[in-house]
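Residue 116 in my numbering is what sits at position 58 of the sequence shown, and the numbering runs on without skipping anything.
To start, the structure itself, in structure tokens.
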Amino acid sequence: MRVRVPMTEMQRGRAKYVIGPDGSPLTVADLPPSDTKRWVIRRKAEVVAAVRGGLLSLEEACQRYTLTVEEFLSWQASIDRHGLAGLRTTRIQQYRA
59 MRVRVPMTEM
69 QRGRAKYVIG
79 PDGSPLTVAD
89 LPPSDTKRWV
99 IRRKAEVVAA
109 VRGGLLSLEE
119 ACQRYTLTVE
129 EFLSWQASID
139 RHGLAGLRTT
149 RIQQYRA
């Protein structure tokens with residue numbers, strides 16, 4: 059049986075901010091809107107930083123932005139392999155192995 063934990067208690071163990079891709083603090087309020095349709099490099103990088111830093115869970119990010127886990131993981135892998143430039147959709151063929 060699952061025990062329901064009030065939202066305020068769940069948020070206590072969560073990061074209040076993380077360092078964003080540009081080096082500045084990033085809070086939940088700074089994240090892209092949930093109805094984002096145009097995913098530019100900066101927005102993708104902010105979502106990846108938020109998940110890595112514990113601001114959002116992977117499940118929360120995927121649900122909030124209607125992403126598949128595979129799509130999110132591809133963003134993360136692109137950053138790891140090629141830096142922020144790896145998130146450019148116009149150059150994706152250059153970065154694929």
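Even for Gly, the Cβ is constructed at its ideal location relative to N, Cα and C.
- At a Cβ-Cβ threshold of 7 Å, L145 and S136 count as neighbours.
- Nearest Cα to D80 within the set A87, L114, A103: A103.
- In the three-state reduction of the DSSP assignment, L114 falls in the coil class.
- For S82, there is no enclosing alpha helix (DSSP H), as DSSP gives it neither H nor E.
- Between W133 and V109, the C-beta spacing is not below 7 Å.
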